[in-house]
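From first to last, the protein sequence lines are chains S and C.
When the letters of the first sequence are read in order and numbered with numbering that gives the first Met the number 0, they come out as residues 0 to 424.
When the letters of the second sequence are read in order and numbered with numbering that gives the first Met the number 0, they come out as residues 0 to 150.
For glycine and all other residues, C-beta sits at the position ideal for the given N, C-alpha and C.
As the structure is a prediction and not an experimental result, all values here were calculated from the model.
Here's the structure we're looking at; comments come further down.
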Amino acid sequence: MRPTRTALAAAGLLALVLASAAAAYAMSSAGARWTPAERALLRSLTLASLGPLPADPSNRWADDSAAARLGHRLFFDTRLSGTGTVSCASCHMPELDFQDGRALARGVGTTTRRTMPVAGTAYSPWQFWDGRADSQWAQALGPLESAVEHGGDRTQYAHVIAAYYREAYERVFGALPALDGLPERAGPVADSGRAAAWRRLPPARQEEITRVYANIGKAIAAYERRVQYAPSRFDRYVEAELAGRTHTPASALTRDEEAGLRLFIGKARCVTCHNGALLTDNSFHNTGVPLPRVALPPDSGRTVGVRQAVAAEFACTGRYSDAGAEDCQELRFTVTEGPELVRAYKTPSLRNVGGRAPYMHAGQLASLAEVVAHYDRAPAAPFGHSELVPLRLSAEERRQIEAFLHTLSGPLVAPAGYLVPPATP
Amino acid sequence: MRITSPYRPARRRAATAVALAAAVVQLAGCMLFARAPEDLDYARTRTSEQGLYRGTIRPEGDSIPQGRLHRWTLHLETAAGEPVDAATIAVDGGMPQHGHGLPTSPRVTRHAGGGDHVVDGMKFNMSGWWVVTFRVSSAAGADSLVFNLKL
Chain S
0 MRPTRTALAA
10 AGLLALVLAS
20 AAAAYAMSSA
30 GARWTPAERA
40 LLRSLTLASL
50 GPLPADPSNR
60 WADDSAAARL
70 GHRLFFDTRL
80 SGTGTVSCAS
90 CHMPELDFQD
100 GRALARGVGT
110 TTRRTMPVAG
120 TAYSPWQFWD
130 GRADSQWAQA
140 LGPLESAVEH
150 GGDRTQYAHV
160 IAAYYREAYE
170 RVFGALPALD
180 GLPERAGPVA
190 DSGRAAAWRR
200 LPPARQEEIT
210 RVYANIGKAI
220 AAYERRVQYA
230 PSRFDRYVEA
240 ELAGRTHTPA
250 SALTRDEEAG
260 LRLFIGKARC
270 VTCHNGALLT
280 DNSFHNTGVP
290 LPRVALPPDS
300 GRTVGVRQAV
310 AAEFACTGRY
320 SDAGAEDCQE
330 LRFTVTEGPE
340 LVRAYKTPSL
350 RNVGGRAPYM
360 HAGQLASLAE
370 VVAHYDRAPA
380 APFGHSELVP
390 LRLSAEERRQ
400 IEAFLHTLSG
410 PLVAPAGYLV
420 PPATP
Chain C
0 MRITSPYRPA
10 RRRAATAVAL
20 AAAVVQLAGC
30 MLFARAPEDL
40 DYARTRTSEQ
50 GLYRGTIRPE
60 GDSIPQGRLH
70 RWTLHLETAA
80 GEPVDAATIA
90 VDGGMPQHGH
100 GLPTSPRVTR
110 HAGGGDHVVD
120 GMKFNMSGWW
130 VVTFRVSSAA
140 GADSLVFNLK
150 L
């Protein structure tokens, strides 16, 4: 009996020593918990890996600070709408990460898509859920003429610029064209009366007004381009982990959040598409997102979006672009057809995703829990083919991924005053 | 790096691997889904399926970036080692495990001489196993060069 008891005690002691050693190891050498490949992957997901703002050769004024100041004023100006009540900021609210918290955006009417955030979009070659615009300035011009968003038109906007922004505009873009005799309301819009008035204008007049319109977009883009994400707790966590530093409350992840991160880059494979410092591959995928809760017209996503992008009046290759022939590589080499474009939508950045319910292109999923459950379940697509396969996550794993996603929240950063309305509209 | 046997065409190997991977996915779910078959040949010089050509890919900057348009040079030779300049080359590819093609439509934009062909518009937006296929047609005949990439 005695030897057995001794052996048991020895074994117990050994187990205790091993357990404490393991615990001490886990607590003391944080960075060692990640393999070299994981460390490289983690680094690639942080803002430290983002790199400088890519040039926008299609917008000569993209980095012009006077253009950005003008764009800031235009972004918040409700006079740039058919009703005088809608500005870009009506849906892209700075205090809500430049989105509106609604399933479907509401301008002068209700749209068929969810408002997308603005920060960091200068890094994306494609704008909108279906990528139908290939620059920030081309994107900005879409809602301004949409019957359900701003509801205005080109001659109206030219008159607004002449009345309220002449000096600021002309300092950046040069002289405004003469607007004498120009209809108050005309443009290539859905409204038949205003569209007919536009058609009656000589082509040269249409072109000079359209150039003013394009410049409005370029000024707004110069502003939007300066709105960026600042580090989140996740960024600080990775920085401390990789440097082998002890975590502070500002950098520490809870056990669940850390487990969620492991799932994010491992078993759940979220990182396959949500990669890079903005956690998006800037591409388009059908992930079998359910149909919207309200009946909307059929929406085939990138299938139509890419056709619109290629043919767009304000494309990189168009006459209002400042780009040279070799500059429009994304447009030049984009995939224009194929089954994988059907109901494919842009991978959104996951930065600040925790404060941005509801989710998906028409706000179909009300919470992050629903989103994670969707990717776990991988239902068949309503149409087209979903790229997802079931993940077979446990309820705890789903909860951990959700917990991790909240660590991606951080403040926005922009030049002074740019995250609030301008003092003088 | 493992060298593919010249008697077993790469695409057939890839197809077998895809079929196997698909079967494994059915059985075991996504954890295995994400992993590429282990016996893939990632060599940058490959012999074409019917053995008519040898091709070497040279990505600009050597390492293949993720999420950025970049340029490749494809060096093309006959099986006998003669550089091939006059060729029609179509570029195709995708992620076999995801059922989608390349996110861009890369093309040969210039025949640079000495068997070198400049390929523009290459882009890989996701991590994982990619396949890039060059369908080559020249006086030597029509054949396909298949390259595996791991991002």
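Does any residue of chain S bring its CB to less than 9 Å from the CB of residue i?
i        : result
Asn147/C : no
Asp40/C  : no
Gly113/C : no
Gly120/C : yes
Ser126/C : yes
Ser47/C  : no
His110/C : no
Gly92/C  : no
Thr103/C : yes
His99/C  : yes
Arg43/C  : no
Pop quiz: residue i and residue j are said to be a contact at Cβ under 8 Å. What is the actual Cβ separation, rounded to whole angstroms?
i        : j        : result
Val226/S : Ala118/S : 5 Å
Thr108/C : Val117/C : 5 Å
Ala194/S : Pro187/S : 6 Å
Arg301/S : Tyr344/S : 7 Å
Leu407/S : Arg342/S : No, Leu407/S and Arg342/S are not in contact; Cβ-Cβ is about 26 Å, not under 8 Å.
Pro394/S : Ser385/S : Per the sequence shown, the amino acid found at residue 394/S is Ala instead of Pro. Going by Cβ atoms, the distance from Ala394/S to Ser385/S rounds to 22 Å, so no, they are not a contact pair.
Tyr122/S : Thr209/S : Contact flag wrong, Cβ pair sits at about 27 Å.
Ala102/S : Cys90/S  : That pair is no contact at about 12 Å.
Leu144/C : Arg45/C  : 6 Å
Leu69/S  : Tyr164/S : 7 Å
Gly100/C : Gly337/S : 6 Å
Taking only beta-carbon atoms, is residue i less than 9 Å away from chain C?
i        : result
Glu329/S : yes
Ser282/S : yes
Gly300/S : no
Pro410/S : no
Phe332/S : yes
Gly216/S : no
Thr335/S : yes
Gly383/S : no
Thr271/S : yes
Enumerate in chain order the residues of its own chain whose CB-to-CB distance from residue i is below 8 Å, with the five nearest sequence positions on each side excluded.
i        : result
Asp133/S : Ser57, Pro124, Trp125, Gln126, Ala308, Ala311, Ala314, Cys315, Cys327, Glu329, Leu330
Glu207/S : Pro176
Beta-carbon within less than 7 Å of residue i's beta-carbon, same chain only, minus the 5 sequence neighbours each way: which residues are those?
i        : result
Arg376/S : Pro389
Gly81/S  : Val107, His149, Gly150, Gly151
Met94/C  : Met125, Gly127, Trp128, Trp129
Gln138/S : Gln126, Phe127, Ala132
His273/S : Thr279, Thr346, Leu349
Which stretch, first to last residue, makes up the beta strand (DSSP E) that contains residue i?
i        : result
Ser214/S : Note on residue identity: the sequence assigns Asn, not Ser, to residue 214/S. Taken as a continuous stretch (DSSP letters only), Asn214/S belongs to no beta strand (DSSP E), being part of the alpha helix (DSSP H) at 202 to 223.
Val90/C  : 86 to 94
Val140/C : According to the sequence shown, residue 140/C is Gly rather than Val. Here the beta strand (DSSP E) through Gly140/C covers 140 to 149.
Thr132/C : 128 to 137
Less than 9 Å between the beta carbons of residue i and residue j, yes or no?
i        : j        : result
Pro297/S : Arg113/S : no
Glu76/C  : Tyr41/C  : no
Phe263/S : Ile400/S : yes
Arg57/C  : Met121/C : no
Ser191/S : Leu278/S : no
Gln65/C  : Leu150/C : yes
Gly54/C  : Val135/C : yes
Ser47/C  : Ala86/C  : no
Ala239/S : Ser231/S : no
Arg397/S : Ala372/S : yes
Asp129/S : Val370/S : no
Thr253/S : Ala402/S : yes
Ala174/S : Arg153/S : no
Beta-carbon within less than 6 Å of residue i's beta-carbon, same chain only, minus the 5 sequence neighbours each way: which residues are those?
i        : result
Lys217/S : Asn58, Trp60, Trp136
Ala111/C : Val117
Ala66/S  : Trp60, Val171, Ala218, Ala221
Tyr168/S : Ile160
Ala152/C : Lying outside 0 to 150, the shown extent of chain C, residue 152/C is not represented and no answer is given.
Ala189/S : Ala146
Leu68/C  : Lys122
Provide the residue span of the alpha helix (DSSP H) that contains residue i, from first to last.
i        : result
Tyr417/S : Element bounds for Tyr417/S: n/a, residue is neither H nor E.
Ala52/C  : Note that residue 52/C is Tyr in the sequence shown, not Ala. Unbroken run through Tyr52/C is the beta strand (DSSP E), 52 to 58; no alpha helix (DSSP H).
Ala322/S : Ala322/S -> no alpha helix (DSSP H), and no H or E assigned at all.
Trp197/S : 191 to 198
Gly304/S : 301 to 310
Glu37/S  : 35 to 43
Ala402/S : 394 to 405
Asp234/S : 232 to 242
Arg68/S  : 64 to 74
Taking 8 Å as the line, does the beta carbon of residue i fall inside it for any heavy atom of the ligand GDP?
i       : result
Leu40/S : For the structure depicted, the ligand GDP is absent and the ligand set is empty, with no information on it obtainable.
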